[in-house]
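Presented below is the structure to which this report refers.
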Amino acid sequence: MHLNDIKPAKGSRKSCLRVGRGIGSGLGKTAGRGHKGQHARAGGTHKYGFEGGQLPLQRRLPKVGFHSKMKVENQEVFLYQLAGLNSEQIDPMVLRQAGLIDRKAKKIKVVAKGKIGRALKLSGLLVTAGAKVAIEAAGGSVE
Numbered sequence: 650m651h652l653n654d655i656k657p658a659k660g661s662r663k664s665c666l667r668v669g670r671g672i673g674s675g676l677g678k679t680a681g682r683g684h685k686g687q688h689a690r691a692g693g694t695h696k697y698g699f700e701g702g703q704l705p706l707q708r709r710l711p712k713v714g715f716h717s718k719m720k721v722e723n724q725e726v727f728l729y730q731l732a733g734l735n736s737e738q739i740d741p742m743v744l745r746q747a748g749l750i751d752r753k754a755k756k757i758k759v760v761a762k763g764k765i766g767r768a769l770k771l772s773g774l775l776v777t778a779g780a781k782v783a784i785e786a787a788g789g790s791v792e
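Residues in the sequence shown are numbered consecutively from 650, following my numbering.
What follows is the structure in structure tokens.
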């Protein structure tokens, strides 16, 4: 076998259409482009959203609002995550060091998901009613 013997599988390569090569080809004369007009001409394309010179829709509508993809303001922490921490005193700094919250978080809320089996003292955090009951039942407190 030689490199010049290699051929693609039969039927995998289709021969290209030869347009504008006479009546017998079925695509002679206008080469399937019809008569006259923008699409019959060479280079007769227009950009996406072009409306024939009329002011396009994306320019007619007003620009409204902005939402940053990087913005992180509120974050939730679950009870089972707090149970896994070594510290008895829990505040935003402890949660940041443990990697439970983002550094951009402004409000941190403790949510009742999972169980907590030891007393924790929470300060500087928002707490849901269910989480507060669970923390106080375990002997902890919320400031």
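Cβ atoms here follow ideal geometry from the backbone N, Cα and C, with glycine treated the same way. Every value quoted in this text rests on a predicted model; they were computed, and no experiment measured them.
- Message: Counting beta carbon pairs with one atom in the region 738–745 and one in the region 710–721, are three or more of them shorter than 8 Å?
- Response: no
- Query: Taking the DSSP output, what are the residues bridged to residue 738?
  - Reply: For this step, residue 738 is matched to residue 89 along the sequence shown. Answer is 770, bridged to residue 738.
- Query: Since residue 775 sits in a beta bridge, which residues does DSSP pair it with?
  - Reply: Here residue 775 refers to the residue found at position 126 of the sequence shown. Beta-bridge pairing links residue 775 to 758.
- Message: Considering Cα atoms alone, identify which of 666, 684 and 685 is closest to residue 676.
- Response: Residue numbering aside, residue 676 sits at position 27 when the sequence shown is read from its first letter. Of the listed residues, the one whose Cα sits closest to residue 676 is 666.
- Taking the Cβ atom as the reference point for each residue, do residue 773 and residue 785 lie within a distance shorter than 9 Å? Numbered from its first residue, the sequence shown carries residue 773 at position 124. Numbered from its first residue, the sequence shown carries residue 785 at position 136. No, the pair does not count as a contact, with Cβ atoms beyond the cut-off.
- Query: Nearest to residue 730 by CA position, among 714, 704, 760 and 756, is which residue?
  - Reply: Translated into the one-based positions of the sequence shown, residue 730 becomes position 81. The shortest Cα separation from residue 730 among 714, 704, 760 and 756 belongs to 760.
- Query: Are the beta-carbon atoms of residue 753 and residue 719 separated by less than 9 Å?
  - Reply: One-based indexing of the sequence shown puts residue 753 at position 104. One-based indexing of the sequence shown puts residue 719 at position 70. Going by C-beta atoms, residue 753 is nearer than 9 Å to residue 719.
- In whole angstroms, what is the alpha-carbon distance linking residue 661 and residue 672? Here residue 661 refers to the residue found at position 12 of the sequence shown. Here residue 672 refers to the residue found at position 23 of the sequence shown. Each residue's alpha carbon lies about 28 Å from the other.
- Message: To the nearest angstrom, how far is the alpha carbon of residue 770 from that of residue 715?
- Response: Within the sequence shown, the letter at position 121 stands for residue 770. Within the sequence shown, the letter at position 66 stands for residue 715. Using only the alpha carbons, I get a separation of about 39 Å.
- Task: Drop a sphere of 10 angstroms on the beta-carbon of residue 739, count the other beta-carbons inside from all chains shown, and report buried for 16 or more, exposed for fewer.
- Result: Locating residue 739 in the sequence shown gives position 90, where the first residue counts as 1. It is buried - the Cβ of residue 739 has at least 16 other Cβ atoms within 10 Å.
- Is residue 732 near residue 757, with beta carbons less than 9 Å apart? Indexing the sequence shown from 1 puts residue 732 at position 83. Indexing the sequence shown from 1 puts residue 757 at position 108. Result no, Cβ atoms of residue 732 and residue 757 do not sit closer than 9 Å.
- Message: If we define contact as Cβ-Cβ less than 9 Å, is residue 756 a contact residue for chain D?
- Response: No chain D is present in this structure, which holds just one protein chain.
- Would you identify the three-state DSSP class for residue 790, choosing helix, strand or coil? For the purposes of this step, residue 790 is taken as residue 141 along the sequence shown, with counting starting at 1. In this structure, residue 790 counts as strand in the three-state DSSP scheme.
- Task: Leaving aside the five residues before and after residue 749 along the sequence, list all residues of the same chain whose C-beta is less than 7 Å from its C-beta, in chain order.
- Result: Position 100 of the sequence shown, counting from 1, holds the residue named residue 749. Closer than 7 Å at the Cβ level, and outside the excluded window around residue 749, lie 726 and 730.
- Task: Have a look at residue 763 and residue 721 and give me their C-alpha separation to the nearest angstrom.
- Result: Start at 1 with the first residue of the sequence shown, and residue 763 comes out as number 114. Start at 1 with the first residue of the sequence shown, and residue 721 comes out as number 72. Cα to Cα, residue 763 sits roughly 24 Å from residue 721.
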